[in-house]
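In the numbering used here, the protein residues as written are 49 to 359. We treat Cβ as the ideally placed atom computed from N, Cα and C, and that holds for glycine. In what follows, a structure is listed as structure tokens, so that the remarks can point back to it.
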């Protein structure tokens, strides 16, 4: 009976894992989006206690508490899916990057939950808010990598070393861009430059500097992403090129919505949409880099290691 159960598990795991990983990524994206809504509506202190909201398990039907409480409940659901994905990866005896990414995601979700508690107890200190978002985006990237590798397996196209390098740089600069954006939100610097694209500053010098740094990071990130697409274009397939067009469009939308945030003096609706689109850009970029860059390199390295391992 136990042997039959083991065989059934190994048969189902390869089929279930990609879809559970996809669900995990979708829920994680929703979690980041809901976290943005909590932040821009100043609902972070809607539940000043942690982990329970005012010591209650059931929902509190008031605007700010229900947003913060929903964010915590969704984090719990995401945690279940993260560990379910890891269990399926282990049951499928996956090796290499997919296993590492699943393990990193499991570690990050535990760290992120603890960091969320610290953010509440620190009364939404700007540095905890920024670190919370940075960890959340790294966690989102790790779940995306598991999803990509689960569906694509070893169907990668090998890019040149130059293209892979641009891909890595694009991830680094975009993460720095998103981190600088969290600093803008956390410090309230969004209203310091109510004009766009130039900044006719009328706010405190420190806040103006933060806002300008974020805009400069946007320019740098755009340049690096476009350079990555150009460097990889000639060796990519049609699907990758189609997603790259979507990536460039998203880049333009992020900039346009960012202009709306500035001109509206950080209106919460504009700010919420801005982070949502930026998170979509981050996910799309992660998919592009891993399907035709880092993924191909790491899968190949794993195959070589497997071939060299004595049977």
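Residue 219 and residue 335 look like a contact to me (Cβ under 8 Å); what is the Cβ gap, rounded to whole Å? Your numbering for residue 219 matches position 171 in the chain shown. Your numbering for residue 335 matches position 287 in the chain shown. Rounded, the Cβ-Cβ distance is 11 Å, inconsistent with contact.
Inspect the beta-carbon positions of residue 69 and residue 195 and report whether they are closer than 8 Å. The residue given as residue 69 occupies position 21 in the chain shown. The residue given as residue 195 occupies position 147 in the chain shown. Yes, Cβ-Cβ distance for residue 69 and residue 195 is below 8 Å.
Nearest neighbour of residue 74, chosen from 127, 301, 101 and 62 [CA to CA]: As a working mapping, residue 74 is identified with position 26 in the chain shown. Closest option to residue 74, Cα to Cα, is 127.
Buried or exposed: which applies to residue 243, given that a residue is buried once 16 or more other Cβ atoms fall within 10 Å of its Cβ? Residue numbering aside, residue 243 sits at position 195 when the chain shown is read from its first letter. Counting Cβ neighbours within 10 Å, residue 243 comes out exposed, since fewer than 16 surround it.
Note down, in chain order, each residue of its chain lying with its Cβ closer than 6 Å to the Cβ of residue 282, except the 5 sequence neighbours on either side. To locate residue 282, count along the chain shown from 1; it is residue 234. Within the same chain, residue 282 has no close Cβ partners at all.
Under a three-way DSSP split, which group does residue 247 fall into? Here residue 247 refers to the residue found at position 199 of the chain shown. Three-state DSSP puts residue 247 in coil, outside helix and strand.
Provide the residue(s) that pair with residue 104 in DSSP beta bridges, ordered along the chain. Start at 1 with the first residue of the chain shown, and residue 104 comes out as number 56. Paired residue(s): 101.
List the whole-angstrom C-beta distance separating residue 187 from residue 156, where the pair is believed to meet the contact cut-off of C-beta under 8 Å. Reading the chain shown from its first residue, position 139 is the one you call residue 187. Reading the chain shown from its first residue, position 108 is the one you call residue 156. 4 Å between Cβ atoms; contact.
Output yes or no for whether 8 Å exceeds the beta carbon distance between residue 158 and residue 119. Here residue 158 refers to the residue found at position 110 of the chain shown. Here residue 119 refers to the residue found at position 71 of the chain shown. No, they are not a contact pair.
Tell me whether the stretch 139-158 and the stretch 83-99 touch, counting them as touching only if at least three CB pairs, one residue from each stretch, are closer than 8 Å. no
I'd like to know if the stretch 259-275 and the stretch 294-302 are in contact, where contact means that at least 3 CB-CB pairs between them fall below 8 Å. yes
Output the boundary residues of the alpha helix (DSSP H) element that contains residue 89. Looking up residue 89 in the chain shown gives position 41. First-last for residue 89: undefined, no H or E at that position.
How would you label residue 254, buried or exposed, when you count the other beta carbons within 10 angstroms and need 16 or more for buried? Stepping through the chain shown from its first residue, residue 254 is reached at position 206. By the neighbour-count rule (16 or more Cβ atoms within 10 Å), residue 254 is not buried but exposed.
Decide if residue 210 is buried, meaning its Cβ has at least 16 other Cβ atoms within 10 Å, or exposed. Along the chain shown, one-based indexing puts residue 210 at 162. Classification of residue 210: exposed, given that the 10 Å Cβ count is below 16.
For the stretch 132-216, list the alpha helix (DSSP H) runs that are entirely contained and at least 4 residues long, ordered along the chain. 145-169 and 174-200
Closest to residue 165 by C-alpha separation, out of 307, 328, 101 and 213, would be which residue? Here residue 165 corresponds to residue number 117 of the chain shown, with the count starting at 1. Minimum Cα distance to residue 165 is reached at 101.
Which listed residue (326, 190 and 256) has its alpha carbon closest to that of residue 227: Walking along the chain shown from the start, residue 227 turns up at place 179. Considering only alpha carbons, the answer is 326.
Count the other CB atoms within 10 Å of the CB of residue 162; is the residue buried (16 or more) or exposed (fewer)? Position 114 of the chain shown holds residue 162. Flag for residue 162 reads exposed.
Return the first residue and the last residue of the alpha helix (DSSP H) that residue 240 is part of. Taking the first residue of the chain shown as position 1, residue 240 is located at position 192. Taken as a continuous stretch (DSSP letters only), residue 240 belongs to no alpha helix (DSSP H), as it is neither H nor E.
Once the 5 residues before and after residue 62 are set aside, which same chain residues still bring their CB inside 8 Å of it? For the purposes of this step, residue 62 is identified with residue 14 of the chain shown, where counting begins at 1. Excluding residues within five positions, the ones whose Cβ falls inside 8 Å are 140.
Contact check, residue 197 vs residue 259, beta carbons under 8 Å: Working through the chain shown from its first residue, we reach residue 197 at position 149. Working through the chain shown from its first residue, we reach residue 259 at position 211. Taking 8 Å as the Cβ cut-off, residue 197 and residue 259 do not qualify as a contacting pair.
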